[in-house]
Amino acid sequence: MAAQAQAAAGRAGRGLSTSDLRVDETAGGRRLDAWLAERLPSLSRSRIQQLIESGHVRVVGQTKRAAHRLRVGETIHVEIPDPVAAEPQPEDIPLRVVHEDADLLVVDKPAGLVVHPGAGTHAGTLVNALLHHVSDLSGVGGVLRPGIVHRLDKGTSGLMVVAKNDLAHRNLSQLFSSRDVRKEYLAIVLGSPRPPAGRIEARIGRHPVQRKKMAVRDDGRAALSEYSTVERLDGAALVRVRIRTGRTHQIRVHLAFIGHPVAGDATYGGTRAPSSRRQTSRDALAALARPALHAATLAFAHPTSGEPMKFESPLPEDLTRALSILRPPASS
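Letter by letter, the sequence shown follows residues 353 to 684 in my numbering.
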C-alpha cells in the first residue's frame, strides 16, 4: 500500500486521480483526513479536507466527513482536480450596477451567477466580473473574494454591496456582523403560511448526512428570520422575509422548517407537488428553474460618510411571470 500511496502522491501534482487506497490494521479508527494527509504528502491537510467536502473523496463508494473514522479493509478513492489559477482573473461579464461611488458599488445579481470562485467553480463568477469592472479591486478583503462582504446563493437573485477599498470592506463587514444592515427578500413559497406573519427562530447547522445541505439543529448557530405574507396565490404565496442573522441557506431552511419551502428549491422540498387547483399554476411552479428567492431590499449606512443608503430591486422576469400565472382569476 505504501508504494501505491507514493505513486498517488506523485500523480497529484499532474491533476490525475488516485484510487483504491486500502485501510490496513494500523489505520483502523483514524480520521479520514489525517490518514490521507499522511498517504498523500504532496497535499496539505486543508487541501485534503476541501477534496472531502467537495465530494472528491469516496469511502467504499460513498462520500464521508473529514472526521470519518476508518475501518480496516475500507477502500478510499481520491480524485484530484486539475490545478487552477491561484487568483481569479477579470472577465467581461455584464453587471447591473445599481449604485457606484469611490468606496462601494451595489449590484443586482442575476440568478445562476456564482458569487466567488470555489470548489468546482473557478471562472464566470461575480468576482471575475467585478475584477473587470473595478480595475483596482484585487486584494480588497482577500485574494479569492476581493470586495465581497456578503453573498447570495447561486440561484438567488438580487442586491449585493461590494467594497472597493480596504477601509470600506472593514466598515461594511462590521455593519454586517453587528446586524446593522437591513436585508429583505421576496419569496414565492408553496402553500400559504399560518399565521400569515411571524418569527422563525431555529438554530441552523450542517446537515448530519448530506454535507452540502443545512438543517435546523439543536447544536447549530442561532438564526432568526421574520416573515409576512404579501399576497396569497393559487397553492402558493408571496412572502417578504427579513433576516436578522446571516446563516448559510437561512431563508430556504427556515421556510422549509415551517412547512412552506421556497418554490423551485429542489434542495429543501420546493419542487414537491403543490396544492394548486389549476393546471396552469402547477405548470408555472414546475417551470421554476431555481429557488424563487430575490434579495429585494438592502439598506445600510455608507461605510465612510455614514449617510443612510437604501436600494430596492424589482422581481426579475421569471418570478414576475410565475406570479402573474399564480394569481387567482378576478371574480366577475
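Here a beta-carbon is modelled for each residue, glycine too, at the ideal position from N, C-alpha and C.
The structure presented is a predicted model; accordingly, all values stated were derived computationally and were not measured.
C-beta atoms of residue i and residue j nearer than 8 Å
i	j	result
Ile595	Ser633	no
Gly616	Leu590	no
Ala651	Ser665	no
Ile552	Ser577	yes
Gly557	Arg573	yes
Arg592	Glu669	no
Leu542	Pro626	yes
His468	Val479	yes
Thr581	Pro545	yes
Val514	Leu482	yes
Val430	Leu373	yes
Ala463	Ser509	yes
Leu527	Arg679	no
His484	Glu443	yes
Asn517	Val533	no
Pro681	Leu524	no
Ala520	Asp455	yes
Ile428	Leu489	no
Ala567	Val614	no
Asp460	Leu496	no
Ala638	Arg599	no
Pro433	His408	yes
Rounded C-alpha distance that separates residue i from residue j
i	j	result
Val458	Gly380	52 Å
Thr619	Lys564	9 Å
Ile603	Lys506	14 Å
Arg397	Gly621	35 Å
Lys416	Gln402	12 Å
Glu659	Arg531	17 Å
Pro440	Phe609	36 Å
Pro643	Leu392	39 Å
Leu675	Arg629	15 Å
Gly476	Thr378	45 Å
Val501	Ile400	27 Å
Arg503	Asp376	43 Å
Thr672	Glu452	27 Å
Gly472	Lys662	34 Å
Gln562	Asp570	17 Å
Ala418	Ser657	45 Å
Pro547	Arg624	22 Å
Pro560	Ser487	42 Å
Leu667	Leu645	9 Å
Ala554	Gly470	28 Å
Ser529	Arg522	11 Å
Glu749	Gln414	Within the shown structure, residues of the chain are numbered from 353 to 684, placing residue 749 beyond reach of any answer.
Ile404	Tyr579	36 Å
Glu390	Gly494	29 Å
Beta-ladder partner(s) of residue i, from DSSP
i	result
Lys565	Bridge partners of Lys565: none, in fact.
Ser577	Ile552 and Ile595
Pro442	In DSSP, Pro442 forms no bridge with anything.
Thr473	Gly470
Gln414	Val411
Ile540	Leu590
Ile428	Leu373 and Val411
Gly572	Gly572 pairs with nothing; no bridge assigned.
Arg558	Met566
Glu669	Answer is none; Glu669 lacks a bridge partner.
Arg546	DSSP output for Arg546 lists no bridge partner at all.
Val449	Val459
Arg534	Ala651
Arg584	Ala589
Within-8 Å CB hit, residue i to chain C
i	result
Leu524	The question asks about chain C, but that chain is absent: this structure has only one protein chain.
Counting Cβ pairs, one atom from each stretch, are 3 or more of them under 8 Å apart for the segment 418-428 and the segment 375-390? Segments in contact, yes.
At 3 residues or longer, what runs of the beta strand (DSSP E) sit wholly inside the segment 610-659? 645-653
At what residue ranges does the segment 452-520 contain a whole run of the alpha helix (DSSP H), taking only runs of 4 or more? Taking only runs of at least 4 residues, the alpha helix (DSSP H) segments lying wholly in the segment 452-520 are 478-485.
I'd like the ranges of any beta strand (DSSP E) spanning at least 3 consecutive residues and lying wholly in the segment 374-412. List check, beta strand (DSSP E) in window: 409-411.
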